[in-house]
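Novice:
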Amino acid sequence: MANKLGAISSGMVKYVECSALTQLKLKNVFDQAIISALEPSTAGKKRRKCLPL
Numbered sequence: 011m012a013n014k015l016g017a018i019s020s021g022m023v024k025y026v027e028c029s030a031l032t033q034l035k036l037k038n039v040f041d042q043a044i045i046s047a048l049e050p051s052t053a054g055k056k057r058r059k060c061l062p063l
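Quick note: the sequence shown uses the working numbering, first residue 11, plus one each step.
1. I'd like to check one pair, Gln-42 with Tyr-59: are the Cβ atoms closer than 9 Å?
2. Secondary structure at Leu-48, three-state DSSP: helix, strand or coil?
3. Per DSSP, what kind of secondary structure is Gln-33 in: helix, strand or coil?
4. Return the CA-CA distance between Leu-31 and Pro-50, expressed in angstroms with no decimal places.
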């Protein structure tokens, strides 16, 4: 929960958890990153970053 709160306060678009060890939901992380990168930015707003935590 603390990681999610940190992600929201740092201006991230979305918070998605995964496991690199078991690769659980790993594809979902990359899918969400691609979708976020391809979304048109709204005029006048600062573009948010997609950063792995």
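Quick reminder that beta carbons are idealized off the backbone N, C-alpha and C, glycines included. Predicted model, so just to flag it, every value in this text is computed and none were measured.
Specialist: In this structure, then:
1. Position check: residue 59 holds Lys in this sequence, whereas Tyr was assumed. Not in contact: Lys-59 and Gln-42 (Cβ atoms no closer than 9 Å).
2. Helix.
3. Secondary structure of Gln-33 (DSSP, three-state): coil.
4. Cα-Cα distance, rounded: 33 Å.
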